[in-house]
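Letter by letter, the sequence shown follows residues 101 to 426 of the working numbering. Even glycine gets a Cβ: it sits at the ideal position worked out from N, Cα and C. None of the values given here were measured: they were computed from a predicted structure. Input: a single structure, listed below in structure tokens.
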Amino acid sequence: MTASPPTSAAPVKRVLVIDYSQTGQLSAVAAQIIAPLRADPAIAVHVEALRPLKPFPFPWGFFPFFDAFPESAHLRPGALAPLSLRGDEDFDLVILPYQVWFLAPSQPVTAFLQHPLAARLLAGKPVVTVIACRNMWLLAHEKLKGLLAATGARLSDNIVLTDPGPTFATFFTTPAWLVWGRKRGFWGMPDAGLDANQIAGCRRFGLALRDALREGRERLAQPMLEGLGAVRADVRLYISEKAGTRSFYLWGKLLMAAGPPGSWQRRPLLALYVLFLLALIVTVVPVSLSLQALLRPFFKGWLTKMKVQFERPSGSSTDRSPFYDD
Ligand SMILES: Cc1cc2nc3c(=O)[nH]c(=O)nc-3n(C[C@H](O)[C@H](O)[C@H](O)COP(=O)(O)O)c2cc1C
């Protein structure tokens, strides 16, 4: 789809992009989206890199990885180093990519949204969220919507990219990648993370946002990325997410009472919890998926309603995608 080129009198549109990624995956997704915006002289892009005061390691190692769950699940993140923004900057659009950590927004992104500057920067602004995660994001996004609402921002669009491997395989390949740095698949399972085509395909969102900004559509209370296959919600995972969230919350409380992040007092409890979690993954997830497959005919209406709800605002239809396949 071509939009009329900006005239020299057209005011510059300012876009804020938040950036945090451990492996570079989420930054690569964001880079595809912002490339068309950067190429437009009428759009100024500011990328704000989030730097946790105490950086999270990568690869994580076993205990540091699981030790991050209590504070992640309870939305009590470690603090960030000072931002380069002052809070009085005026952006037309905010792009907020985030990864999911333990069924919640990652700690650095949560810390940003809880930062006193966030409300000053985001109040009344349209925000496009971009999720790149293994495949469980439904409840993390509910939490993120709550954090966004507290800043007074308006969620304009949501883009979701999930790892293409089968759910069960990714329960093993993703931790192997994150804990030990092994991205290549093993035992016949696919590589961890997104594939190159998914990342390259994100350019279509950047092109659509560029056109929307040129036409001032970021100010309208309508999504800018409809028809581009932005979100496909797998609501069959909802019940597993609910069970996981509850267990992270309860065990997280216990662990936080035992000691601060990184303390030795947490280790025995963490070891016990990982065993419990493994049992949960090999029982609750397959049982809930099989039960749902059996009962699907009875819950069809409910599942369809949930799917539509979780795919809001951008939706899963792809009718505009051909216009942006370049
Ligand atoms: C501590 C931690 C917990 C994670 N928990 C989840 C999760 O609950 N659901 C999910 O889909 N992905 C989860 N992931 C995967 C991330 O969302 C993401 O795909 C991966 O960390 C790569 O992100 P990056 O761009 O920061 O490298 C987790 C990753 C980490 C590091």
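Q.
What does the alpha-carbon distance come out to for the pair A181 and Q322?
A. Taking the first residue of the sequence shown as position 1, residue 181 is located at position 81. Taking the first residue of the sequence shown as position 1, residue 322 is located at position 222. Looking at the two C-alpha atoms, the distance is approximately 35 Å.
Q) For P368, which three-state DSSP category applies? A) Indexing the sequence shown from 1 puts residue 368 at position 268. It is helical.
Q | Segments of 3+ residues assigned as beta strand (DSSP E) that fall wholly inside the region 145-216 | A | 193-198
Q.
Under DSSP, the alpha helix (DSSP H) around N297 begins and ends at which residues?
A. In the sequence shown, residue 297 corresponds to position 197, counting from 1. Note, N297: alpha helix (DSSP H), A296 to A300.
Q: Spatial neighbours of H174 within its chain, please: CB distance less than 6 Å, with the 5 preceding and 5 following residues excluded, ordered by chain position.
A: If you number the sequence shown from 1, residue 174 lands on position 74. Same-chain partners within the cutoff: G352.
Q. Is S256 helix, strand or coil by DSSP?
A. In the sequence shown, residue 256 corresponds to position 156, counting from 1. Residue state, collapsed to three classes: strand.
Q.
I'd like to confirm something about S121: is its beta-carbon nearer than 6 Å to some heavy atom of ligand 1, or not?
A. Locating residue 121 in the sequence shown gives position 21, counting from the first residue. Indeed, a heavy atom of ligand 1 lies less than 6 Å from the Cβ.
Q.
Within the continuous alpha helix (DSSP H) that includes K342, where are the two ends?
A. Here residue 342 is taken as the residue at index 242 of the sequence shown, counted from 1. Segment Y338 to A358, the alpha helix (DSSP H) holding K342.
Q: Count the other C-beta atoms from every protein chain shown that fall within 10 angstroms of the C-beta of T270, then say buried if there are 16 or more, exposed otherwise.
A: Against the sequence shown, residue 270 aligns to sequence position 170. By the 10 Å Cβ count, T270 comes out buried.
Q. By how many angstroms is the C-alpha of K407 removed from the C-alpha of L248?
A. Residue numbering aside, residue 248 sits at position 148 when the sequence shown is read from its first letter. Residue numbering aside, residue 407 sits at position 307 when the sequence shown is read from its first letter. Taking the straight line joining both Cα atoms gives about 21 Å.
Q: Mind checking who T262 pairs with in its DSSP beta bridge?
A: Indexing the sequence shown from 1 puts residue 262 at position 162. The partner list for T262 (beta bridge, DSSP) reads C233.
**Q.** Sequence-distant residues of its chain with Cβ nearer than 6 Å to L261 (five each side left out)
**A.** The residue given as residue 261 occupies position 161 in the sequence shown. Excluding positions up to five away in sequence, the list reads A232, L294 and Q298.
Q.
With a threshold of 6 Å on Cβ separation, who are the neighbours of L307 within its own chain once the five nearest residues in sequence on each side are excluded?
A. Taking the sequence shown and counting its residues from 1, one reaches residue 307 at position 207. Excluding positions up to five away in sequence, the list reads P136 and Y424.
Q. Smallest Cα separation from K154: which of P361, Y373, L389 and L378?
A. Counted from its first residue, the sequence shown places residue 154 at position 54. Out of P361, Y373, L389 and L378, P361 has the C-alpha closest to the C-alpha of K154.
Q. Helix, strand or coil: which one does DSSP assign to P413?
A. Residue numbering aside, residue 413 sits at position 313 when the sequence shown is read from its first letter. P413 falls in the coil class under three-state DSSP.
Q. What is the DSSP secondary structure of K225, counted as helix, strand or coil?
A. As a working mapping, residue 225 is identified with position 125 in the sequence shown. Reduced to three states, the DSSP call for K225 is coil.
Q: Kindly examine ligand 1 and report whether one of its heavy atoms sits closer than 6 Å to the Cβ of F202.
A: Position 102 of the sequence shown, counted from the first residue, corresponds to residue 202. Correct: F202 has its Cβ closer than 6 Å to ligand 1.
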